[in-house]
Amino acid sequence: EAGVAQSPRYKIIEKRQSVAFWCNPISGHATLYWYQQILGQGPKLLIQFQNNGVVDDSQLPKDRFSAERLKGVDSTLKIQPAKLEDSAVYLCASSLLGSKSYEQYFGPGTRLTVT
Amino acid sequence: GNSVTQMEGPVTLSEEAFLTINCTYTATGYPSLFWYVQYPGEGLQLLLKATKADDKGSNKGFEATYRKETTSFHLEKGSVQVSDSAVYFCALIVPGNKLVFGAGTILRVKS
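One line per chain: the protein sequences are A and B, in this order. Using this note's numbering, you'd call the opening residue of the first sequence number 27 and step up by one each time. Using this note's numbering, you'd call the opening residue of the second sequence number 8 and step up by one each time.
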């Protein structure tokens, strides 16, 4: 079974530029999560989707961050414009609905450096 | 609110040494608890979990016991290997299936 795929793996941009990250969850997983992991900290949830609907985006800085999950499969997270403090690893995870929904499977992440 | 506190690292051990990484939590009720591991260049992987008080999660020689009286979920391994070098995250799950992570503990094992 293929795992969660993310691209790109690394991205370097200047502040005020825009950037987009892509995630393809495990086939059949209805729930998709985006986390931000700043160096030296644990991952922090940005947004949670169930199918193509947003379940929780309370921690998403909506003035600059946006995310979508069209057709309930792939997802894109965008930052526009980027700030220095957005430098972090962006992790995508997915999980099944139902009794196994606790287990979240993580992708390798995208490391963003904003200069 | 819900939070997780882990011992600070890095923790540096020699091969075959005993490992303990402390984890305590604050939460409403009795959440399920997890340890995730992140090897260099890879994503987080679930290492073990416990869903209720006194449960012991175990995997790959690692163990952790859910202690509600001390709100703790310490990670232990009797004999570490160089291949165990990684970052270890303690986490709990809150309603809505959202994970709350600790800051992570770097483990370095020397041969």
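Ideal placement from N, C-alpha and C gives every residue a C-beta, glycine not left out. In this text, all values refer to a predicted model and were calculated from it rather than measured experimentally.
According to DSSP, K84 of chain B sits in a beta bridge with which residue or residues? Translated into the one-based positions of the second sequence, residue 84 of chain B becomes position 77. B:L26 and B:F69.
Compute the Euclidean distance between the alpha carbons of R95 of chain A and P51 of chain A, then round it to the nearest angstrom. For the purposes of this step, residue 95 of chain A is taken as residue 69 along the first sequence, with counting starting at 1. For the purposes of this step, residue 51 of chain A is taken as residue 25 along the first sequence, with counting starting at 1. Between R95 of chain A and P51 of chain A, the C-alpha separation is close to 11 Å.
S121 of chain A beta carbon less than 8 Å from that of Q55 of chain A: Here residue 55 of chain A corresponds to residue number 29 of the first sequence, with the count starting at 1. Here residue 121 of chain A corresponds to residue number 95 of the first sequence, with the count starting at 1. The sequence shown places His at residue 55 of chain A, not Gln. Yes. Within cutoff.
Would you report the Cα separation of K75 of chain B and T35 of chain B, rounded to the nearest angstrom? The residue you call residue 75 of chain B lines up with position 68 of the second sequence. The residue you call residue 35 of chain B lines up with position 28 of the second sequence. Those two C-alpha atoms are separated by around 12 Å.
By the 9 Å beta-carbon criterion, what residues does the segment 48 to 73 of chain B contribute toward chain A? G48, E49, G50, L51, Q52, L53, K56 and T58
Listing by chain order, which chain A residues have their CB less than 7 Å from the CB of K117 of chain B? Position 110 of the second sequence, counted from the first residue, corresponds to residue 117 of chain B. Within 7 Å Cβ-Cβ: nothing; K117 of chain B doesn't reach chain A, min ~22 Å.
Counting only the same chain and skipping the five closest in sequence on each side, list residues whose C-beta sits under 6 Å from that of Q52 of chain B. On the second sequence, residue 52 of chain B is found 45 positions in, with the first residue counted as 1. V44, listed in sequence order.
Contact under 8 Å by Cβ, S39 of chain B with A60 of chain B: Translated into the one-based positions of the second sequence, residue 39 of chain B becomes position 32. Translated into the one-based positions of the second sequence, residue 60 of chain B becomes position 53. No; because the gap between Cβ atoms is not below 8 Å, this pair is not in contact.
Less than 6 Å between C-beta atoms, sequence neighbours within five positions excluded: which residues of the same chain meet that for V94 of chain B? Your numbering for residue 94 of chain B matches position 87 in the second sequence. The answer, listed in chain order, is Q45, G111 and I113.
Would DSSP call G54 of chain A helix, strand or coil? By 1-based counting over the first sequence, the position of residue 54 of chain A is 28. The answer is coil: DSSP assigns G54 of chain A none of H, G, I, E or B.
Near-chain A residues of the segment 90 to 108 of chain B - C-beta to any C-beta below 7 Å: F96, I100, G103, N104, K105, L106 and F108
Are there 16 or more other CB atoms within 10 angstroms of the CB of Q106 of chain A, so buried, or fewer, so exposed? Working through the first sequence from its first residue, we reach residue 106 of chain A at position 80. Exposed, since its Cβ has fewer than 16 Cβ neighbours within 10 Å.
Span separating the alpha-carbon of L58 of chain A from that of Q74 of chain A: Residue mapping note: residue 58 of chain A aligns to position 32 of the first sequence, counting from 1. Residue mapping note: residue 74 of chain A aligns to position 48 of the first sequence, counting from 1. The alpha-carbon atoms of L58 of chain A and Q74 of chain A are separated by roughly 6 Å.
Do R137 of chain A and Y36 of chain A have their C-beta atoms closer together than 8 Å? Sequence index remark: in the first sequence, residue 137 of chain A carries index 111 (1-based). Sequence index remark: in the first sequence, residue 36 of chain A carries index 10 (1-based). Yes; because the gap between Cβ atoms is below 8 Å, this pair is in contact.
Leaving aside the five residues before and after I39 of chain A along the sequence, list all residues of the same chain whose C-beta is less than 8 Å from its C-beta, in chain order. Within the first sequence, residue 39 of chain A is the residue found at index 13, counting from 1. Counting only Cβ-Cβ distances below 8 Å, and skipping sequence neighbours, we find V45, A108, L138, T139, V140 and T141.
Mind checking N77 of chain A: buried by the 16 CB within 10 Å criterion, or exposed? Within the first sequence, residue 77 of chain A is the residue found at index 51, counting from 1. Flag for N77 of chain A reads exposed.
Who are the near neighbours of G64 of chain B in its chain, counting only those whose CB is closer than 6 Å to its CB and skipping five residues on each side? As a working mapping, residue 64 of chain B is identified with position 57 in the second sequence. Result list for G64 of chain B: L55, K56, A57 and A71, in chain order.
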